[in-house]
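The structure appears below as structure tokens.
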Amino acid sequence: MRSFFITALCVRSLFASAQPASKIADKTKNMQRYNGYFTFWWDAANGKIWMLVDKFDKEFLYVHSLPAGLGSNDIGLDLGLIGGSRIVSFNKVGKKLLLVQPNYSYRALSPDKNEQRAVKESFAQSTIASFVVDEDEGDKVLVDATAFFVRDAQNVADRIRLMKQGTYIFSEPRSAIYLPNTKNFPLNTEVEATITFTGGSDAGRFVTTVTPSAEAITVRMHHSFVQLPDDAYKPRRSDIRIGYFGI
Numbered sequence: 044m045r046s047f048f049i050t051a052l053c054v055r056s057l058f059a060s061a062q063p064a065s066k067i068a069d070k071t072k073n074m075q076r077y078n079g080y081f082t083f084w085w086d087a088a089n090g091k092i093w094m095l096v097d098k099f100d101k102e103f104l105y106v107h108s109l110p111a112g113l114g115s116n117d118i119g120l121d122l123g124l125i126g127g128s129r130i131v132s133f134n135k136v137g138k139k140l141l142l143v144q145p146n147y148s149y150r151a152l153s154p155d156k157n158e159q160r161a162v163k164e165s166f167a168q169s170t171i172a173s174f175v176v177d178e179d180e181g182d183k184v185l186v187d188a189t190a191f192f193v194r195d196a197q198n199v200a201d202r203i204r205l206m207k208q209g210t211y212i213f214s215e216p217r218s219a220i221y222l223p224n225t226k227n228f229p230l231n232t233e234v235e236a237t238i239t240f241t242g243g244s245d246a247g248r249f250v251t252t253v254t255p256s257a258e259a260i261t262v263r264m265h266h267s268f269v270q271l272p273d274d275a276y277k278p279r280r281s282d283i284r285i286g287y288f289g290i
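Add 43 to a position in the sequence shown, counting from 1, and you land on the number used in our numbering.
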């Protein structure tokens, strides 16, 4: 009986060791892990952010900002500029992971499900980004999110051009993740990037007076994924001591 028990344990051990390991764990084993709202890994060898997405069709807040700006008040690309805040969610379709923004400008106040569906289907949503699923484990996927973070999210080039201060284009070779301000927390994920624009043969005075070399403008852009608060908020009665607005 003892011999049979030992044999059974050996067979079980061999079977367990033959099981395939997590593909995501194997892919990221040599990378620095940042646990948090959306866990991600820093791939130092390739300068990439690999993000684990395990919340599908669950809305959260996406905000991008400009923590290091151009320095020209006239153009308006100032330090701390908030570029926009959106409610978004991840939607997995095959090997694609879509970042979708619902349209809350139009919504049904009625509890009627058919009316709610009619309003939802009558107005467009916005798919603001797409990722290729690198590893898929069913309830979670791994994607290379670097290109999403290293881009002109603040439309800096367009702002400069519209102000007639020069023609610039985003330079991917001169842009990268800015690791000192890339962090993760239980309720929010924070990623920052150094973004460079080149060109400027026609740079205007607003640009030349604030840049060391007008042919290259380097700023920083910050991205935040934030968990939405619960619905337990209770409004309070307006009081004149609150301030200059009532809401």
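Every residue gets a Cβ at the ideal spot worked out from N, C-alpha and C, and that includes glycine.
Treat the numbers as computed from the prediction; the structure is a model and nothing was measured.
In the structure shown, the three-state DSSP call for R279 is coil. For Y80, DSSP assigns no beta-bridge partner whatsoever. Going by beta carbons, E235 and R194 fall outside the 8 angstroms limit. With fewer than 16 other Cβ atoms inside 10 Å of its own Cβ, I212 counts as exposed.
Your pair G123 and A196 does not check out as a contact, with CB atoms roughly 15 angstroms apart and the cut at 8 angstroms.
Distance between L205 and I171, taken at the CA atoms: about 23 angstroms. Here K207 has G247 as same chain residues with Cβ atoms under 7 angstroms from its own Cβ, once five neighbours each way along the sequence are excluded.
Excluding its 5 nearest sequence neighbours in each direction, K226 has C-beta neighbours in its own chain below 6 angstroms: E233, listed in chain order.
Exclusion of the five residues before and after K70 leaves W93, D177, E178 and L185 as the residues of its chain whose Cβ lies within less than 8 angstroms of its Cβ.
Within the segment 110–194, the complete alpha helix (DSSP H) segments of 4 residues or longer fall at 156–165 and 189–192, listed in chain order.
In the DSSP annotation of this structure, the continuous segment of the alpha helix (DSSP H) that includes A68 starts and ends at K66 to T71. DSSP lists D86 as the beta-bridge partner residues of K91. Counting C-beta atoms within 10 angstroms of its own C-beta, A68 has fewer than 16 neighbours from the protein chains shown and is therefore classed as exposed. Sorting E102, G90 and K72 by C-alpha distance to the C-alpha of F268 places E102 at the top. A Cβ-Cβ distance of about 23 angstroms is found for the pair G119 and R217, leaving them out of contact under the 8 angstroms criterion. The bridge partners DSSP lists for V106 are S128 and S267. DSSP lists T232 as the bridge partner or partners of N227. A straight line joining the alpha-carbon of F133 with that of K66 spans about 21 angstroms. The closest CA to that of R129, considering only D117, L113 and N146, is found on N146. In the three-state reduction of the DSSP assignment, I285 falls in the coil class.
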